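Engineer:
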Amino acid sequence: MDIKPIRNEQDHKLALKSVSHLFDNQPEIGSPEFDYMEIMILLIEAYENEHYRIAPPEPVEAIKFRMEQMGLTMKDLEPAIGGSGRVSEVLNRKRNLTLPMIRKLHKQFSIPLESLVN
73 MDIKPIRNEQ
83 DHKLALKSVS
93 HLFDNQPEIG
103 SPEFDYMEIM
113 ILLIEAYENE
123 HYRIAPPEPV
133 EAIKFRMEQM
143 GLTMKDLEPA
153 IGGSGRVSEV
163 LNRKRNLTLP
173 MIRKLHKQFS
183 IPLESLVN
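Laid out in structure tokens, this is it:
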């Protein structure tokens, strides 16, 4: 069990290959194999976070996604955004979110701030 930094795509592929079989037959917690898997996953995640960064969604898409997840209607957004006309304007990208709207959407619907201020 050789552990080394992941510096390039080839290292990344080898690291993925070295732990892939452990996902199907997960070793016992505390065993050397489990420790190896845990360390390699941390290295893989660090490499992927640096090289395959996923941008947060656009604010309106984040709102629509949360609406779908929670079964919300436009009416449900009114306390956070304003009247039905304002909700419609925001969802149709004719009006930008304001700071108070962002705060309320985050607080009421747990939409990540990073997604709302993108």
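Numbering (the numbering used here), first residue to last: 73 to 190. Think of the CB as a built atom: it goes at the ideal place given N, C-alpha and C, for glycine as much as any other residue. As the structure is a computational prediction, the values presented were derived from the model and not from experiment.
1. In whole angstroms, what separates the C-alpha of Leu188 from that of Glu130?
2. Under a three-way DSSP split, which group does Gln141 fall into?
3. Touching or not, the stretch 158–165 and the stretch 131–143, by the rule of three or more beta carbon pairs under 8 Å?
4. Within 10 angstroms of the Cβ of Leu177, are there 16 or more other Cβ atoms? Answer buried if so, exposed if not.
5. Is it right to say Ala118 is buried, meaning 16 or more other beta carbons lie within 10 angstroms of its own, or is it exposed?
6. If you compare alpha carbons, which of Leu115, Ser90 and Ile153 is closest to Gln180?
7. Where does Leu171 land, buried or exposed, given buried means 16+ other C-beta within 10 angstroms?
8. When the Cα atoms are used, what is the spatial distance from Leu86 to Gly102?
9. For Ile78, which residues in the same chain have their Cβ closer than 7 Å to its Cβ, ignoring the five residues on either side in sequence?
Structural biologist: So, to answer that:
1. 7 Å
2. helix
3. yes
4. buried
5. exposed
6. Ile153
7. exposed
8. 24 Å
9. His84, Ala87, Leu115, Ile116 and Tyr119
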